[in-house]
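Quick notes on the structure that follows.
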Amino acid sequence: MTDLVAGSIDAKRVAVASQWQLMWWAFRRHHLAMLGLVVVVILYVIAAVPGFFAINDPSRQNARAAFHPPQQVHWIDTAEDGSWRFSPYLHPYRLVRNPQTLAAEYQEDRTRKVGLTLFGRGYTYSVLGLFETDIHLFASSDPRQPLYLLGADRLGRCVWSRIMQGAQISLSVGLVGVILSLSIGVVLGGVSGYYGGKADFVIQRVIEFILSLPTIPIWLALAAALPQDWPAVTQYFMITLILSLTGWAQLARVVRGRFLSLRTEEFVTAARLDGASEARIIFRHMLPSFMSHIIASITLAIPAMILAETSLSFLGLGLQPPTISWGVLLREAQNIRSIATAPWLFAPGVAVVVAVMALNFLGDGLRDAADPYNK
Amino acid sequence: MLRFLVIRLVWMIPSLFAVSFLAFVLIQLPPGDYVTTYIATLAASNEVVDQNTAADLRNRFGLDQPLLIQYAKWISGILIAGDFGLSFEWQQPVSELIWERMALTLVLTVSTLIATWAIALPIGVYSAVKKYSVGDYIFTFFSFLGLAIPSFLLALVLMYVAAVQLGQEVGGLFSQDYVNAPWSFGKVLDLISHLWIPVIILAVSGTASLIRVMRANMLDELNKPYVTTARAKGLSEFRLLVKYPLRVALNPFISTIAWLLPNLVSGSIIVAIVLSLPTAGPMLLQSLMSQDMYLAGAFVLLICALTLVGALVSDILLALADPRIRLE
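First to last, the protein sequences are chains A and B.
The numbering used here applies: residue 1 is where the first sequence begins, and numbers increase by one.
The numbering used here applies: residue 1 is where the second sequence begins, and numbers increase by one.
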């Protein structure tokens, strides 16, 4: 009996729920997508304030820490009398000469401890360009003893902090690039799908043509034509522009398909007969009904952009150091000698894989949730 | 069928011209023309080019004329004489440098395509037939992972594992003895023994998406009445699968060549650079870095033409397999 009542209330809620509410309910059932959402939110928080999550200044070089190995965090601190408390610490490393090979090697100094303080103070950074602070999520309790959670690169720069900083560029390239390609895609796809006829034919051929081309050689050639001495911001926007030049075709196709299928719907005809202007028909009546689909396609387009930026920067034709992005960081792992001595230089690659997978899961879940016929 | 073929072939002409124009614009993009760059390179090695040679070169490529005439000269040189211009970095005609590399690129791409199919087909069918089984989840997980790993990263990790754990050099397509040797049966065998590493690396990302496609296609077909009918007739499960739903599900599989190929070629360029394979990739990157634009343009043109031809082949295969398409 109670079940029946609950069921009918549920049915009532479903009947009056908005499209977005229905989507959210459907989305919540998709566990992998929820996980993806959580990871994506965390990643974009990091991208917004990378300084807070970094430990050391990402551009600071330290000749005494070249290829410093990652340090292991110990969570429980035991005292000599056997008592213990929760207080994360690490053992610092020191450089010693190997008596046989005479090479400098890092050795863990088990007699000393450096505490890992939460919300401790470190280098000064600016938060979104609004104000400056020196509070970090983790900080070393001893300012003279830098911590290297993921080790250091060839120049002794902290890999962990550089990954955090790189998230800003790598993740925003995806967003900015997708917004650019969406603007082109919506205009061309919209014209193509809404008006049909000759415009549709021409735009369709152009889209097919672009989709049949391999993107990497074209990106490489375009990126090679950019002057290397441009300021970092200009370079960044040129690279995203280059990525969107081929990226819009996929989105335009989605938009066109939606327009085509909605064009003949009764509510659109009704609006037209009512004398609504074309802009009103498109933005008030048609756009809301395929907004959710577009958002899902955007989410699925972002990872492609991230991978593209990473590949270009890795090859040396994308963003240039000292700009920090995941692709730029992976250039450090380019030759076999570096990665043989310092396998932790692969860590930015792990960040790329995690970000791309999370966005893919999220996009997949959104796509399923946005489909009203999907049960 | 003939009508379809003719229309499709005629469509290739504007596409190829568009590609060639694109490649030409890319050549023109860097500041300064070919001859100024050429003179600058020679000046760097203390050689002086006299005015006459410079004027001759300018005349040969029509550099003092408007863009369209330059394009006409460039493209007619290619079409009539196979002349792609000069590479100033190598001091050789471009056409002498590219063909072997393009051939190896083609070999790599085609082998990867075959490998991708050979891996994706059975796994996709398995995932669909044993939907939501442990195996299906494992394959689904790996295909998402495969989609997320950039191919160059996979190549780097493989190189690391091979070099550090196994103590082996990975890279190149030939052993030391065969690098400069003329083509022979031994060299081909040597090529095959080196080819599988880049093929596997490249196949991973393509396989991941193909498995998804194959699984979805099979799932659509498996619930159709004709499958039930076949089962009711007492066909064994395996014969039933191969004889009916698989054949229908294969259809979109063929059409995937068209979008798989551009991705493959793109991926092969990066992987070839990481593994320093003697294919188009490393030389293209090198030529772009030093702004050796005729060489770069030739590569861009040929690589894009390769994918266009791939799309053509896939369309023709699809028309052969599915009568509905050629009647449209």
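By construction, the Cβ of each residue, glycine as well, lies at the ideal position given by its N, Cα and C atoms.
In this text the structure is predicted, and so the values were computed from the model without any measurement.
Suppose contacts are defined by Cβ-Cβ distances below 8 Å. Is D77(A) in contact with Y89(A) by that definition? Going by C-beta atoms, D77(A) is nearer than 8 Å to Y89(A).
For G51(A) and Y125(A), the rounded distance between their alpha carbons: Near 6 Å, if we compare the C-alpha coordinates of G51(A) and Y125(A).
Using a Cβ-Cβ cutoff of 7 Å, what residues of the segment 259-281 of chain B are near chain A? List them in chain order. Those would be W259, P262, V265, S266, I269, I270, I273, in chain order.
Given a limit of 9 Å on CB to CB distance, which residues of the segment 210-225 of chain A reach chain B? For the segment 210-225 of chain A, which is checked against every Cβ of chain B, the residues closer than 9 Å are L211, S212, L213, P214, T215, I216, P217, I218, W219, L220, A221, L222, A223, A224, A225.
C-beta atoms of I295(A) and L366(A) nearer than 8 Å: Their beta carbons are under 8 Å apart, which means I295(A) touches L366(A) by this criterion.
Close-in-space but distant-in-sequence residues of the same chain around A358(A) (CB under 6 Å, 5 per side omitted): Scanning its chain for C-beta atoms nearer than 6 Å, with the 5 sequence neighbours on each side dropped, one finds around A358(A) the residues G36, V39, V40, in chain order.
Between which two residues does the alpha helix (DSSP H) harbouring R331(A) extend? It is not in any alpha helix (DSSP H) - R331(A) carries neither H nor E in the DSSP assignment.
8 Å is my cut-off, CB to CB: does A395(A) come that close to chain B? Absent from the model: residue 395(A). The displayed extent of chain A is 1 to 375, so no value can be given.
State the Cα-Cα distance for the pair V5(A) and S297(A), rounded to the nearest angstrom. Confidence at V5(A) is low in this model, with a pLDDT of 49, below 50, so the placement of that residue should be treated as unreliable; the coordinate-derived value is given next. The straight-line gap from Cα to Cα measures roughly 38 Å.
Reducing DSSP to helix, strand and coil, say where D368(A) ends up. Correct three-state label for D368(A): helix.
Please list, in chain order, the chain B residues whose beta carbon lies closer than 7 Å to that of V437(A). Beyond the ends of chain A as shown, which are 1 and 375, falls residue 437(A); an answer cannot be given.
V329(B): which of L158(B), L302(B), A54(B), T109(B) sits nearest, CA to CA? The requested residue 329(B) does not occur in the structure, where chain B is confined to residues 1 to 328.
So, helix, strand or coil for L148(A), using DSSP? Before going on, a small fix: residue 148(A) reads as Tyr here, not Leu. It is coil, neither helix nor strand.
Shortest alpha-carbon distance to N59(B) belongs to which of T307(B), I200(B), V35(B)? Scanning T307(B), I200(B), V35(B) for the CA closest to the CA of N59(B) turns up V35(B).
Using beta-carbon positions only, say whether L79(B) and A305(B) come within less than 8 Å of one another. Cβ distance not < 8 Å, so L79(B) and A305(B) don't count as in contact.
Does F21(B) come out as helix, strand or coil in the three-state DSSP assignment? Here F21(B) sits in helix by DSSP.
What three-state label does DSSP hand E108(A) in the structure shown? Reduced to three states, the DSSP call for E108(A) is strand.
Simplified DSSP state of G82(B), which is helix, strand or coil: The answer is coil: DSSP assigns G82(B) none of H, G, I, E or B.
Short-range partners of chain B found in the segment 339-350 of chain A, where Cβ spacing is below 8 Å: Identification of residues in the segment 339-350 of chain A having a C-beta nearer than 8 Å to some C-beta of chain B yields I339, A340, P343, F346, G349, given in sequence order.
On the three-state DSSP scale, how would you describe V48(B)? Looking at V48(B) - three-state DSSP - the assignment turns out to be coil, as it is neither helix nor strand.
The beta strand (DSSP E) that contains S87(A), what's its start and end? Note, S87(A): beta strand (DSSP E), 84-90.
Does any C-beta atom of chain A lie closer than 8 Å to the C-beta of Q291(B)? Answer yes: the Cβ-Cβ gap between Q291(B) and chain A drops below 8 Å somewhere.
Name the chain A residues whose beta carbon is nearer than 8 Å to that of R307(B)? The question names Arg, but residue 307(B) in the sequence shown is Thr. Within 8 Å Cβ-Cβ: S212, L213, P214.
Is it buried or exposed for M293(B), if we count other Cβ within 10 angstroms and need 16 for buried? Counting the other Cβ atoms within 10 Å of the Cβ of M293(B) gives 16 or more, which makes it buried.
Taking Cβ-Cβ distances below 8 Å as the criterion, which residues of the segment 305-317 of chain A are in contact with chain B? Within the segment 305-317 of chain A, the qualifying residues are L307, T310, S311, F314, L315, G316, L317.
Residues in its own chain within less than 7 Å of N46(B) by CB, not counting five upstream and five downstream? Result list for N46(B): empty, nothing under 7 Å.
Apply the 10 Å Cβ neighbour rule to F283(A) and answer buried if 16 or more other Cβ atoms are within range, or exposed otherwise. That one is exposed.
Extent of the continuous beta strand (DSSP E) run through S126(A): From DSSP, the beta strand (DSSP E) with S126(A) extends over 121-127.
Rounded to whole angstroms, how far is the Cβ of P198(B) from the Cβ of L108(B), which I believe are closer than 8 Å? Contact between P198(B) and L108(B) is confirmed by a C-beta separation of about 6 Å, below the 8 Å threshold.
Using a threshold of 8 Å, state whether the C-beta atoms of R159(A) and L150(A) are closer than that. Here residue 159(A) turns out to be Val, not Arg, going by the sequence shown. Taking the C-beta atoms as reference points, L150(A) is found nearer than 8 Å to V159(A).
Roughly how many angstroms separate the alpha carbons of M12(B) and V134(B), rounded to a whole number? About 46 Å.
Run through chain A and tell me which residues come within less than 7 Å of A311(B), C-beta to C-beta. Neighbours of A311(B) in chain A, taken as residues whose beta carbon is under 7 Å from its own, are S212 in chain order.
Is the CB of Y160(B) under 8 Å away from at least one CB in chain A? With a threshold of 8 Å between beta carbons, Y160(B) makes contact with chain A.
Is the Cβ-Cβ distance between I74(B) and L211(A) less than 8 Å? According to the sequence provided, residue 74(B) is Trp. The question's Ile does not apply to it. No; because the gap between Cβ atoms is not below 8 Å, this pair is not in contact.
What is the DSSP secondary structure of E100(B), counted as helix, strand or coil? Three-state DSSP puts E100(B) in a helix.
Residues near L154(B) in its chain [Cβ-Cβ closer than 7 Å; skip 5 each side]: So the qualifying residues of the chain are I201, V204.
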